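Have a look at the structure below, then the notes.
Protein chains: 2
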Amino acid sequence: MKIDAQAFQTLVADYQQRVDTSLEHWLPAEDVNPMRLHRAMRYAVLAPGKRVRPILVYATAQTLGIDLDRVDGAAAAVEIIHAYSLIHDDLPAMDDDDLRRGRPTCHRQFDEATAILAGDALQALAFYIISHDPRMTADSGARLEMIEKLSLFSGSRGMAGGQAIDLAAVGRSLNIAELETMHIHKTGALIRTCIQLAALSADELDPERFAALDSYAKCIGLSFQVTDDILDVVGDTAVLGKPQGSDSALNKPTFPSIIGLEASREKARELHENALRALSIFDEQADILRYISAWFVEREN
Amino acid sequence: MKIDAQAFQTLVADYQQRVDTSLEHWLPAEDVNPMRLHRAMRYAVLAPGKRVRPILVYATAQTLGIDLDRVDGAAAAVEIIHAYSLIHDDLPAMDDDDLRRGRPTCHRQFDEATAILAGDALQALAFYIISHDPRMTADSGARLEMIEKLSLFSGSRGMAGGQAIDLAAVGRSLNIAELETMHIHKTGALIRTCIQLAALSADELDPERFAALDSYAKCIGLSFQVTDDILDVVGDTAVLGKPQGSDSALNKPTFPSIIGLEASREKARELHENALRALSIFDEQADILRYISAWFVEREN
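Read top to bottom, the protein sequences are chains W and H.
For the first sequence, our numbering gives the first residue as 6, with consecutive numbering after it.
For the second sequence, our numbering gives the first residue as 6, with consecutive numbering after it.
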């Protein structure tokens, strides 16, 4: 569909509301035992957030003409995987963060043991949703492939592996290639998964369009991270929801610390252009994805 | 097949060897990045252990006449889920154990952050295996159901939920019903999953036989735990691989602490008898499962 900036804002708000309804549906009720665990799961997942990953799922579905109810489950699953990874990343043994999305982190609000278990249970829930959601594609083979992608891209060769590389990098000097490798795993893999889960919901999958969407996903996955690093230097603590400068305070390698602020901004712009180029085989149907790429590099939080 | 005690020992040893080969196949190589994470995953999973859960998968497959290569993946997946839960249970914020299977726990051998991530990555790997293993049943719907069971029984309404109940119970007095509820979730759910994954690999699934196997699984899941609690009182540290009395030292509720040692032994015997009764619709084909039930209550570690 052809959209302008205002229509984009409206769509994003719709998607955000839509995934929150889906998350509410799949999360365990907080008055059901074990209550403390269920409360911690809900606290972490339903925290105010941008819902970037579900938005990508919905936008890809819309681009491919797939009914949005067919991807409600996938949208919830990727947000749940993201939320579990944030809970564990924030733990004292990892990044030791007290604040997340402007509120106490899960282990500060509850306790460490509950936070560890909430992350574990959320990961299981994500796989449960995809295996169970009756509205998803009727093609069981495609759903198995979704689970294969989600498990591969969130495991040791994806997101969890990226976090391990990140931890090993604290206090060490990385070159730009090593930094990119880390982010390709830590953030990029799950962003690619969002696009792939939506594409796998399509009744027919055209390999050329799939490859184009995957290239797009790789570009925006990295531009999102470059912008995160830039915001850690220039952003406003109140808008970010976490202390500005928290990454550099931890002596974490970032794009600005390795190539400087201006070169980082240039890199984000280039990745945005590459993302648009990847989408060139799509007509205005993909405008929503084009706006998302622009949003990723222009955002303030 | 008709077996005697010696044949049982041989079969168990075969299954143990078989799952170790399968685990070796699925675990990431330790010389591949991120190496420390991969080493921690391998260290925890390949630690010497009884391989109770894979043995149950193979024994159920053998009872139902299913080729064992079709369940190699399921056998590896349940052991990997079990290993991830042990890594996280042993963490300082949880049970704070230094010793597991006679060796330093994962976070003692590596570090806490690596142990958390190794657990996370192992959980993802278990789902990857079932979604990916080409030798499993060709029925994609049955495989989705396996993932559904595994995710449900390992999540907040299963294993992770049981651990949350366990943590909440430390220092409190539970009654016997509450203690059983905890173990039904914490240990029993995954034991039921073992039987169900094997049964779902069958080309045809007879509901009566499935229900009988599930009843059997419920009995042995609990008898296993009752025996664990008994061994914590009377067992030998060297044979157990963890300090004898470690549960009661943590002031954890156990069967002997609530109903006494003799009543606990009686309970284990009753559960064993119920397990045998559940199998009464099976001929000698199920002898291997009968021996397993006896082993669960007679074991010394």
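The beta-carbon is built from N, C-alpha and C at its ideal position, and this holds for glycine as well.
All values reported here derive from a predicted model rather than from experimental measurement.
Less than 8 Å between CB atoms is the rule here; does P59 of chain H satisfy it with respect to chain W? It does not: the Cβ of P59 of chain H has no partner Cβ on chain W nearer than 8 Å.
Residues of the stretch 255-271 of chain H with Cβ closer than 7 Å to any Cβ of chain W, in chain order: Interface annotation for the stretch 255-271 of chain H against chain W: empty, criterion Cβ-Cβ distance under 7 Å.
Once DSSP output is grouped into helix, strand and coil, what is the label at I105 of chain H? Ile is not the amino acid found at residue 105 of chain H; the sequence shown has Arg there. In the three-state reduction of the DSSP assignment, R105 of chain H falls in the strand class.
Evaluate contact between the stretch 188-195 of chain H and the stretch 149-167 of chain W, counting only Cβ atoms and requiring at least three cross-stretch pairs below 8 Å. Taking a contact to require three or more Cβ pairs closer than 8 Å, the stretch 188-195 of chain H and the stretch 149-167 of chain W do not qualify as touching.
So which residues of chain B does F132 of chain W contact, with C-beta pairs closer than 7 Å? Absence of chain B from the displayed structure is noted, the protein chains being W and H.
Where P139 of chain H falls, given that 16 or more other Cβ within 10 Å makes a residue buried: The residue in question, P139 of chain H, is exposed, as its Cβ has fewer than 16 Cβ neighbours within 10 Å.
Taking M46 of chain H as the query, report the chain W residues whose CB atoms sit under 7 Å from its CB, ordered along the chain. Chain-ordered, the chain W residues with CB closer than 7 Å to the CB of M46 of chain H read S161.
Spatial neighbours of A222 of chain H within its chain, please: C-beta separation below 6 Å, excluding the five flanking residues on both sides. In the same chain as A222 of chain H, and ignoring 5 residues on each side of it, the C-beta atoms closer than 6 Å to its own belong to I196, R197, I200, in chain order.
With 8 Å set as the bound, which would you pick, yes or no: does the beta-carbon of A129 of chain W sit closer than that to a beta-carbon of chain H? So yes, A129 of chain W belongs to the interface.
For the alpha helix (DSSP H) that E84 of chain W lies in, which residues bound it at each end? Following the DSSP letters along the chain, one finds E84 of chain W inside the alpha helix (DSSP H) bounded by residues 77-94.
Distance, Cα to Cα, A174 of chain W vs I286 of chain H? In a straight line, the C-alpha of A174 of chain W is about 59 Å away from that of I286 of chain H.
Distance, I181 of chain W Cα to A320 of chain W Cα: Only positions 6 to 306 of chain W appear in the structure, and residue 320 of chain W is not among them; the question remains open.
Under 8 Å, Cβ to Cβ, is there at least one residue of chain W near A222 of chain H? With its beta carbon at least 8 Å from every one in chain W, A222 of chain H lies outside the interface.
Mind pulling the chain W residues with CB within less than 9 Å of E117 of chain H? Chain-ordered, the chain W residues with CB closer than 9 Å to the CB of E117 of chain H read L96, P97, A98, M99.
Would you give the residue range spanned by the alpha helix (DSSP H) that F215 of chain W belongs to? For F215 of chain W, the uninterrupted alpha helix (DSSP H) segment begins and ends at 212-239.
In whole angstroms, what is the alpha-carbon distance linking I60 of chain W and A129 of chain W? Distance from the CA of I60 of chain W to the CA of A129 of chain W, rounded to the nearest whole angstrom, comes to 22 Å.
Which residues of chain W have a Cβ atom closer than 8 Å to the Cβ of D219 of chain H, listed in chain order? The premise fails here: D219 of chain H is roughly 19 Å from chain W at the closest Cβ pair, so nothing lies under 8 Å.
Find the residues of chain W that neighbour T146 of chain H, judging by a C-beta separation of less than 7 Å, and give them in chain order. According to the sequence provided, residue 146 of chain H is Gly. The question's Thr does not apply to it. When 7 Å is used as the limit between beta carbons, G146 of chain H is near these residues of chain W: S145, in chain order.
Strictly under 8 Å for the Cβ-Cβ distance: is G166 of chain W near chain H by that measure? It does; some Cβ of chain H falls within 8 Å.
Taking the Cβ atom as the reference point for each residue, do T65 of chain W and A203 of chain W lie within a distance shorter than 8 Å? Yes, the Cβ-Cβ distance between T65 of chain W and A203 of chain W is below 8 Å.
Taking 8 Å as the cut-off, decide whether the C-beta atoms of T119 of chain H and R41 of chain H are in contact. The beta carbons of T119 of chain H and R41 of chain H sit closer together than 8 Å.
Best match in W:P97, W:I134, W:S161, W:K257 for proximity to E29 of chain W [C-alpha to C-alpha]: Ranking W:P97, W:I134, W:S161, W:K257 by Cα distance to E29 of chain W puts W:I134 first.
Between the Cα of A12 of chain W and the Cα atoms of W:I293, W:S298, W:R304, which residue gives the shortest distance? The option with the nearest alpha carbon to A12 of chain W is W:I293.
Could you tell me if Q67 of chain H is buried or exposed, where buried requires 16 or more neighbouring beta carbons within 10 angstroms of its beta carbon? With 16 or more other Cβ atoms inside 10 Å of its own Cβ, Q67 of chain H counts as buried.
Report the rounded CA-to-CA distance for G54 of chain W versus G107 of chain W, giving the unit in angstroms. Using only the alpha carbons, I get a separation of about 10 Å.
Using the beta-carbon of each residue, which ones in chain W are nearer than 8 Å to P33 of chain H? From the beta-carbon of P33 of chain H, the residues of chain W found nearer than 8 Å are S161, R162.
Which residues in chain H have a C-beta closer than 8 Å to the C-beta of I170 of chain W? List them in chain order. Those within 8 Å of I170 of chain W in chain H are N38, P39.
CB of D94 of chain H within 8 Å of CB of D100 of chain H, strictly: It is a contact, given that the beta carbons lie within the stated cut-off.
Suppose the cutoff is 6 Å on Cβ atoms and the five residues either side in sequence are ignored; what does the same chain contact list for G166 of chain W look like? Setting aside the 5 residues that flank it on each side, G166 of chain W is surrounded in the same chain by H190, each with a C-beta closer than 6 Å to its C-beta; the list follows chain order.
Report yes or no: is there a C-beta of chain W within less than 8 Å of the C-beta of S136 of chain H? For S136 of chain H, at least one C-beta of chain W is nearer than 8 Å to its own C-beta.
Are I85 of chain W and L51 of chain W close, meaning C-beta to C-beta below 8 Å? It is not a contact, given that the beta carbons lie outside the stated cut-off.
Could you work out which residues of chain W lie near A204 of chain H, taking near to mean beta carbons separated by less than 8 Å? Residues of chain W passing the Cβ test: none, with the nearest at roughly 17 Å.
N279 of chain W (DSSP reduced to helix, strand or coil): DSSP places N279 of chain W in helix when its eight states are reduced to three.
Using only the alpha-carbon positions, how far apart do N306 of chain H and A45 of chain H sit? The alpha-carbon of N306 of chain H is positioned some 24 Å away from that of A45 of chain H.
For Q14 of chain H, does the count of other Cβ atoms within 10 angstroms reach 16, so buried, or fall short, so exposed? Burial is judged here by how many other beta carbons sit within 10 angstroms of a residue's own beta carbon; Q14 of chain H has fewer than 16 and is exposed.
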